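Asker: These protein sequence lines are chains A and B, in that order.
Following UniProt numbering, the numbering of the first sequence begins with 1 at its first residue and continues without gaps.
Following UniProt numbering, the numbering of the second sequence begins with 1 at its first residue and continues without gaps.
One structure is given below, represented as structure tokens, and several questions about it will come after.
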Amino acid sequence: MIAEAGLVALWLAAALALLQFALGALALRTGREEAMLGIRRVAVAQGLLASVAMACLIAVFAASDMSVKLVVENSHSAKPMLYKIAGAWGNHEGSMLLWVTILGLAGGAVAMLEHRLEERTLAATLGAQALIAAGFYAFLLIASNPFARLWPAPADGLGLNPLLQDPGLAFHPPTLYIGYVGLSVAFSFAVGALVTRDVGAVFAKAMRPWVLGAWIFLTLGITAGSYWAYYELGWGGWWFWDPVENASLMPWLAATALLHSVTVLATRDGLRAWTVMLAVVAFSMSMIGTFLVRSGILTSVHAFAVDPTRGAFILALLLIYIGGALALFALRVGTVRQGTTFELLSREGGLVLNNLLLTVILGIVLIGTLYPLVAAGFGVQLSIGAPFFNKAAGPIALALVIAMAAGPLIRWRRDDGQAVLAQLTYPTAAACFSGAGLVVLAGWIGLLPLLGLALSAGLAVASVLPLVGRNLRRTPMFTWGMVVAHLGIAVSLAGMACDAAFTTERLVAVRPGEPVRVGPFSVTLVGIAPVLGENWSGLEGRLIATRDDDTMVLRPQQRFFANPPTTTSETAIRTMLDGQLYTVLGAADGQGRWQLRLWWKPWVTLIWLGGALIALGGALSLIGRVARDRRAALREIWA
Amino acid sequence: MRGAALLLLLIVATPAVANTPLPSQRLANTELPDPAQEARARGLMETLRCLVCQGQSIADSDAAMAGDMRALVRQRVAAGEESGAIRSWLVSRYGDYVSYDPPLSRATWPLYLAPIALLLIGVALARVSFRRRR
């Protein structure tokens with residue numbers, strides 16, 4: 001019954017999406033108030049119905065209803081409850097349902113909360129949002145029905161990939177999807193503004209909070225995903241330039257560029273066409289990412305189903321939406337005035353540089369990700385990975401860091417070169433001193449890590465300079481947000497450089513009692529004991545690590561899952577103020593020795609701490625903007 | 001299945017290794033005694049693709065085949081072979097697919113040209129935003 005209710009909700013939501021689109025067209029043509037009122041209500045109802053469908057899917061997973069095909073294929077009654085629930089989106093159909101649910105809810109949120117945009121533009125925006133939703137509802141209902149039944153129902157399910165049986169599954173996909181799909185709002189805004197020829201500062205101010213919101217979730221999702229991969233995969237790496245990771249990085253890069261260009265549009269009414277273009281590109285990257293991951297064109301832990309018809313369906317949707325938006329852009333770009341032009345040395349100029357560099361990095365990641373697929377089309381098999389991305393994007397990213405240090409110190413409209421250079425004295429000194437100090441103390445650690453650490457010191461100093469000499473209690477919240485986010489980049493960069501420069505690794509086979517040195521630690525395997533989990537059995541190593549007077553116990557595990565039969569290694573990580581000790585238990589060699597993989601990673605935690613700071617900066621900025629809007633709206637009412 | 005087939009291929013293709021399975025197994029998951037050699041092996045392993053995995057290098061994979069390839073790399077590094085020679089030896093057996101660092105060739109020049117081209121196009125586009133100097 002629950003499955004059927006979910007299916008009905010999904011069909012109704014799809015019907016409402018079509019109605020929403022029709023009402024949007026009607027409101028645009030006639031400007032009738034009933035249509036405007038109607039479209040807002042329909043958008044909210046559509047979001048709610050999609051949520052009902054999602055809730056039904058979670059319910060059948062939680063109840064382990066083995067007459068539902070999706071549950072049989074991806075769940076097992078002996079699984080812990082957390083993974084039964086999270087398992088609802090740990091598969092192709094469920095994750096696509098989560099995708100459209102968030103799409104519907106985002107549209108509903110716009111309908112309820114957006115009061116600044118001109119009514120006709122809002123109608124066009126909600127119409128565009130409905131059109132996107134309709135396509136993805138069709139995809140679910142025609143090619144990926146999550147509620148299909150199986151008859152006769154088997155006794156139990158096949159289970160969930162043990163790599164996914166981790167608390168990370170409960171948070172990482174929803175967070176990332178809110179970010180991914182939240183960008184659809186920016187896309188629809190851009191389409192709406194193009195339809196009504198309403199690209200300007202008001203449009204930018206209305207769009208900005210939505211972009212910020214999506215960007216915060218994307219940042220959190222990528223940061224959490226990176227940490228998840230780091231501890232789950234068990235080889236100490238935190239970023240692999242895997243196509244699926246790139247698929248999440250590309251929307252983030254585009255959204256970051258959009259966030260900065262929309263500020264130029266809101267403040268100075270410049271970069272009009274470019275900002276609209278970026279809004280289209282950002283969500284296009286989300287859809288390309290969805291296509292890459294969901295089409296089965298890539299093999300990855302994220303690619304649940306390999307089914308060519310699904311790939312073709314998503315590709316068709318992708319071409320229709322991106323192509324349609326670009327065609328509209330080409331038709332209307334003539335009516336979008338260029339907007340204000342700038343002096344080269346101005347805040348606007350700095351933000352143009354930011355956009356230029358971010359877009360080039362985006363282009364490099366996109367080309368590097370798609371190139372092997374295109375080459376395969378020509379019969380050439382090749383792989384593109386870290387060496388290419390580091391070589392091509394690394395130098396540009398470092399240039400971006402320098403631009404980021406200088407940008408917030410430059411005044412709007414026009415500034416004086418001497419004044420900017422004078423402001424950069426302290427950051428430059430910090431970069432030079434830390435660089436020289438590192439070479440003296442640590443010797444040659446490699447060019448990129450050295451530059452990374454020196455520049456992160458400079459950026460850290462530069463990023464707090466906008467606060468110097470201000471009354472901190474009267475400094476606007478969004479200025480704090482910028483400071484914290486830029487500081488977060490410096491912190492994260494420092495973590496990456498430290499990991500590259502100072503990590504020590506030991507891969508050894510030892511007998512119990514033999515100490516191993518890794519960095520400043522002495523690690524001894526004391527014993528191995530069997531352990532039992534809810535749906536796995538395993539072996540647990542007891543490691544004692546000592547540094548100076550500090551002693552700690554770590555318990556890495558080997559887990560054996562029965563459904564499906566898999567072995568995973570469960571990393572044991574000890575986080576200290578100055579880094580992480582990362583330990584993995586390997587196989588026995590039959591002669592009484594056990595393989596151990598040990599890493600001492602000084603300051604590696606800064607990578608994710610920086611990510612959290614970046615997201616926090618975004619949140620402060622969002623709160624600041626929304627609060628200021630509220631106050632402005634209140635003033636208008638009283639006036 | 002594919003993994004087993006490739007593994008078989010690996011063993012058949014390298015009789016020298018097949019004759020000495022024990023040290024090879026050991027080198028899959030334990031480091032070389034010389035830290036400089038191990039660092040060189042590690043650098044190389046990070047840029048070689050695990051052929052049966054999901055977008056991972058052989059340095060980051062639990063797959064049996066990745067272990068065998070690690071052992072192979074360590075063995076050859078320990079024998080004093082140049083990193084470039086080991087890479088081309090692997091490429092000659094498994095094709096360009098095995099290397100994450102594709103060489104500049106007829107198939108890859110657009111890839112290496114792209115970053116520079118993007119930067120130039122970007123600068124040209126950005127110029128429009130700026131006021132002309134009088």
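Note that the Cβ used here is the ideal one computed from N, Cα and C, for glycine as well.
Since the structure is predicted, the reported quantities are computational estimates derived from the model, not experimental observations.
#1: Report the CB separation of VAL100(A) from LEU140(A) in whole angstroms; it is logged as a contact under 8 Å.
#2: Would a C-beta distance cut-off of 8 Å place GLY611(A) and GLY488(A) closer than the cut-off?
#3: Establish whether the CB of PRO115(B) and some CB of chain A are separated by less than 8 Å.
#4: GLY95(B) CB to nearest chain D CB: under 8 Å?
#5: When DSSP labels each residue in this structure, what does residue 135(B) get in the three-state scheme?
#6: Name the two residues that bound the continuous alpha helix (DSSP H) containing ARG93(B).
#7: In angstroms with no decimal places, state the Cα-to-Cα distance between SER77(A) and SER64(A).
#8: Does the Cβ of GLY586(A) have 16 or more other Cβ atoms within 10 Å, making it buried, or fewer, making it exposed?
#9: Residues bridged to THR566(A) by DSSP?
#10: When you check each C-beta in the stretch 548–561 of chain A against every C-beta of chain B, which residues fall closer than 9 Å?
#11: Determine the direct distance from the alpha carbon of LEU10(A) to that of ALA460(A), and round the result to whole angstroms.
#12: Which residues in the same chain have their Cβ closer than 7 Å to the Cβ of PRO35(B), if we skip the five residues on either side of it in sequence?
#13: If VAL52(B) sits next to MET69(B), beta carbons under 8 Å apart, how far is it from one beta carbon to the other, in whole angstroms?
#14: In terms of alpha-carbon separation, which member of ALA639(A), ILE361(A), PRO152(A), ALA266(A) lies closest to LEU253(A)?
#15: Can you find a CB in chain B that lies within less than 8 Å of the CB of THR290(A)?
#16: Residues of chain A with CB closer than 9 Å to the CB of LEU72(B), please, in chain order.
#17: Per DSSP, which one or two residues make a beta bridge with MET552(A)?
#18: Taking VAL510(A) as the reference, which of TRP594(A), GLU540(A), SER226(A) has the closest Cα?
#19: Quick check: ASN161(A) and GLU93(A), are their CB atoms within less than 8 Å of each other?
#20: Answer yes or no: does any C-beta atom of chain B fall closer than 8 Å to that of ASP416(A)?
#21: If you count every other CB in all the chains shown that lies within 10 Å of the CB of ASN471(A), and 16 or more means buried, which is it?
#22: Could you tell me the distance, in whole angstroms, from the CA atom of LEU357(A) to the CA atom of GLN20(A)?
#23: Between the beta-carbon of ALA128(A) and the beta-carbon of VAL191(A), is there less than 8 Å?
#24: Going by DSSP, what residue range makes up the alpha helix (DSSP H) through TYR582(A)?
#25: What is the DSSP secondary structure of GLY221(A), counted as helix, strand or coil?
#26: Sorry if obvious, but does the Cβ on TRP608(A) come closer than 7 Å to a heavy atom of the ligand PLP?
#27: So the alpha helix (DSSP H) SER248(A) belongs to, where does it begin and stop?
#28: Quick one: which chain A residues come within Cβ less than 7 Å of GLY122(B)?
#29: Can you give me, in chain order, the residues of the stretch 360–383 of chain A that have a beta carbon less than 8 Å from any beta carbon in chain B?
#30: Strictly under 8 Å for the Cβ-Cβ distance: is LEU164(A) near chain B by that measure?
#31: Quick one: measure Cβ to Cβ for ILE2(A) and ALA59(A), integer angstroms, because I've assumed they're closer than 8 Å.
#32: Let me see if you follow: with CB-CB separation under 8 Å, is PRO23(B) close to chain A or not?
#33: Please look up how many angstroms separate the CB atoms of TRP215(A) and LEU278(A), rounded, as I've assumed it's under 8 Å.
#34: Using a Cβ-Cβ distance under 8 Å, would PRO33(B) count as near chain A?
#35: Exposed or buried, what is CYS50(B) when buried is set at 16 or more other beta-carbons lying within 10 Å of its beta-carbon?
#36: In chain B, what lies closer than 8 Å to SER569(A) by C-beta?
Answerer: Walking through what the data contain:
#1: 6 Å
#2: Going by beta carbons, GLY611(A) and GLY488(A) fall inside the 8 Å limit.
#3: yes
#4: Looking at the structure shown, chain D is missing, and the protein chains on hand are A and B.
#5: In the structure as shown, chain B starts at 1 and stops at 134, and residue 135(B) therefore has no counterpart that could be examined.
#6: 83–94
#7: If I take the Cα positions, the gap works out to 6 Å.
#8: buried
#9: PHE561(A)
#10: none
#11: ALA460(A) and LEU10(A) have their C-alpha atoms spaced approximately 49 Å apart.
#12: Short of 7 Å from the beta carbon of PRO35(B), and not among the five residues preceding or following it, lies no beta carbon of its own chain.
#13: The Cβ separation is near 10 Å, so there is no contact.
#14: ILE361(A)
#15: no
#16: Neighbours of LEU72(B) on chain A: none; closest Cβ ~15 Å, over 9 Å.
#17: ALA545(A)
#18: TRP594(A)
#19: No, they are not a contact pair.
#20: No, its Cβ sits nowhere closer than 8 Å to a Cβ of chain B.
#21: A residue is called buried when at least 16 other Cβ atoms come within 10 angstroms of its Cβ; ASN471(A) does not meet this threshold and is exposed.
#22: 39 Å
#23: yes
#24: It is not in any alpha helix (DSSP H) - TYR582(A) instead sits in the beta strand (DSSP E) that spans 579–588.
#25: In the three-state reduction of the DSSP assignment, GLY221(A) falls in the helix class, which pools H, G and I.
#26: What this structure holds is no ligand at all, so the ligand PLP is not there to describe.
#27: 243–268
#28: LEU356, THR359, VAL360
#29: VAL360, GLY363, ILE364, ILE367, GLY368, TYR371, ALA375, PHE378, VAL380, GLN381, LEU382, SER383
#30: Not one beta carbon of chain B lies nearer than 8 Å to the beta carbon of LEU164(A).
#31: 5 Å
#32: Note that PRO23(B) scores 49 on pLDDT, short of 50, meaning its location in the model is unreliable and no value can be drawn from it.
#33: Rounded, the Cβ-Cβ distance is 12 Å, inconsistent with contact.
#34: no
#35: buried
#36: ASP62
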